[in-house]
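*Asks:*
There are 2 protein chains.
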Amino acid sequence: MPDTQVPDMVVARLPLYLRTLRYLESAGIEVTSSQDLAARLGVSSAQIRKDLSYFGRFGKQGTGYETANLRSQLEKILGLDRRWPMILVGAGALGQAVMHYAGFYERGFYIAHVFDSDLAKLGHDLAGFVVRPPEEIPACVRENDIRIAIVAVPSEAAQAVTDELVDAGIEAILNYAPMSLTVPRRVQVQQIDPVVHLQHMVYYLTGATRSSPPA
Amino acid sequence: MPDTQVPDMVVARLPLYLRTLRYLESAGIEVTSSQDLAARLGVSSAQIRKDLSYFGRFGKQGTGYETANLRSQLEKILGLDRRWPMILVGAGALGQAVMHYAGFYERGFYIAHVFDSDLAKLGHDLAGFVVRPPEEIPACVRENDIRIAIVAVPSEAAQAVTDELVDAGIEAILNYAPMSLTVPRRVQVQQIDPVVHLQHMVYYLTGATRSSPPA
DNA sequence: TAGATTGTTAATCGATTAACAATC
DNA sequence: TAGATTGTTAATCGATTAACAATC
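Residue numbers (our numbering), protein chains in the order written: chain Y, 1 to 215; chain P, 1001 to 1215.
1. Taking residue 1196(P) as the reference, give the member of 7(Y), 6(Y), 20(Y) with the closest Cα.
2. Checking 9 Å against the spacing of the C-beta atoms, do residue 151(Y) and residue 132(Y) come in under that value?
3. Got a sec: is the Cβ-Cβ distance from residue 1085(P) to anything in chain Y below 9 Å?
4. Can you have a look at residue 17(Y) and say buried or exposed, based on whether 16 or more other CB atoms are within 10 angstroms of its CB?
5. Within a Cβ cutoff of 8 Å, which residues of the same chain sit near residue 104(Y), ignoring the five residues on either side of it in sequence?
6. State buried or exposed for residue 1039(P), treating a residue as buried only when at least 16 other CB atoms are found within 10 Å of its CB.
7. Between residue 1154(P) and the ligand COA, is there a pair consisting of the residue's CB and a ligand heavy atom that are separated by less than 8 Å?
8. Just to make sure I have the definition right: I need the residues of chain Y whose C-beta is within less than 7 Å of the C-beta of residue 1023(P). Which are they?
9. Kindly say whether residue 1001(P), judged by its beta-carbon, lies nearer than 9 Å to any beta-carbon of chain Y.
10. So that I know if they touch, is there some Cβ in chain P lying closer than 9 Å to that of residue 206(Y)?
11. Residue 75(Y) to residue 1081(P), Cα distance in whole Å?
12. Return the Cβ separation of residue 190(Y) and residue 174(Y) in integer angstroms, given the expectation that the two are a contact with Cβ distance under 8 Å.
13. Between which two residues does the alpha helix (DSSP H) containing residue 105(Y) stretch?
14. Along chain Y, which residues have their Cβ under 8 Å away from the Cβ of residue 1100(P)?
15. For residue 1012(P), which of helix, strand or coil comes out of DSSP?
16. Tell me residue 1085(P)'s beta-bridge partners as DSSP assigns them.
17. Hey, does residue 1047(P) have any beta-carbon neighbour from chain Y nearer than 9 Å?
18. Cα separation between residue 1045(P) and residue 1032(P)?
19. Would you say the region 92-102 of chain Y touches the region 1084-1101 of chain P, given that touching needs at least three Cβ pairs under 8 Å?
20. Using the Cα positions of residue 1062(P) and residue 1102(P), report the straight-line distance between them to the nearest angstrom.
21. Give a yes or no on whether the minimum CB-CB distance between residue 1058(P) and chain Y is below 9 Å.
Below you can see the structure in the form of structure tokens.
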């Protein structure tokens, strides 16, 4: 079974499965089942089995899945059997918070270089990173084979920075600016905007006339 | 047209529409159309019109939508014609980054109280917030009518903190811990986990054999 | 064996899109 | 008026679920 064309929604769920498997593994739980995972994630067990079936057969009838094995299989499928370097653009408050975030390294990513257009920031100080001017992005990306960038600049600058990143050959962008970015189809973009999630939830907090939250 | 039961996916998109409308408004663009919004957001214009139709009629044939009007209508629909106080649990590195995030206040939210179980943190220092012990959460929530909480504690503590928040009457949780939370159905949960998004994108960066990214 | 759980197919359900009459 | 765009319906498309034979 080759890549029969996996729906993007399925791909999007794999990291959630992976996260739970890591947790189970760290808790010493060596075997799990689609039902157990489903309960922990709040989805249906059929969905988990169906999702996994796009990539192969990882379980054993009557038993379930070996936690460590499925975890490692998912890592391989997602491309996490290596570590990915990223560049960070923006070394302001948000960018510095991103630099300090410990979760990247543990789960397959790390920040390799940091850029900011503020001349006052160029130096060694920030969280152990040397802040470099944006002009150096193209060479840095090329020389270090970097494919992922994090955008942590003010909204006003986000699209311009994105255009430069795309020109430099970046293929995936994690955007912390609260703004939709326009990119060519070959470039992946994902958005981190906590306020969008708050606004979504607040809808269900308003009025008793309001429809009830989704299952 | 009352609340015919709006699909959650539609509700989830409203904040994105709102974000773009705010941008247009700030750029002095007074009129827009479903086509213009669609192009900016990378969705179809039919979807935007359909989504809006769940809530009423906001446009004018032949012309489009008045930016400021549609923005304000969406705010009303989402429940953003007021400002929502939140409590933050966790005053470590992540919690402090959340405290410093300027985007909440501008878009309808603010952190009213901060809690941390670390005795060393109790005090005034952090970003202008007085850090209080978690025992005070229930009274604080009750007395101040707080319905939203942000969880920014280590993964190991996240579920326990969540259970306490639920008991205290919290109805919506924004979770920064990289971990699925289990809550009663009446409670909203949304997750912020940048690594999940990176892992999702990386799938499309691996191998030429790989299916191409979604449109 | 009896009990459990997978992998998979077919049925259901829901979301997106296409298309167009209404109308500004 | 001619041109444009909405709001809405019906058709399409795709994702989720139910169910069960296979099998550990």
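Just so it is clear, CB atoms sit at the ideal spot from N, CA and C, and this is done for glycine as well.
*Replies:* Reading from the atomic positions:
1. 20(Y)
2. no
3. no
4. That one is buried.
5. Residues of the same chain with a CB within less than 8 Å of the CB of residue 104(Y), apart from the 5 flanking positions on each side, are 86, 110, 111 in chain order.
6. exposed
7. In terms of ligand content, the structure shown is empty, and the ligand COA therefore cannot be addressed.
8. Chain-ordered, the chain Y residues with CB closer than 7 Å to the CB of residue 1023(P) read 179.
9. Any reading at residue 1001(P) must be qualified, since the residue scores a pLDDT of 39, below 50, and its modelled position is unreliable; the value itself is stated next. So no, residue 1001(P) is outside the interface.
10. yes
11. Spanning the alpha carbons of residue 75(Y) and residue 1081(P) requires a straight line of approximately 44 Å.
12. 6 Å
13. That run of the alpha helix (DSSP H) goes 103-106.
14. 93, 97
15. helix
16. 1110(P)
17. no
18. 12 Å
19. The region 92-102 of chain Y vs the region 1084-1101 of chain P: in contact.
20. 39 Å
21. no
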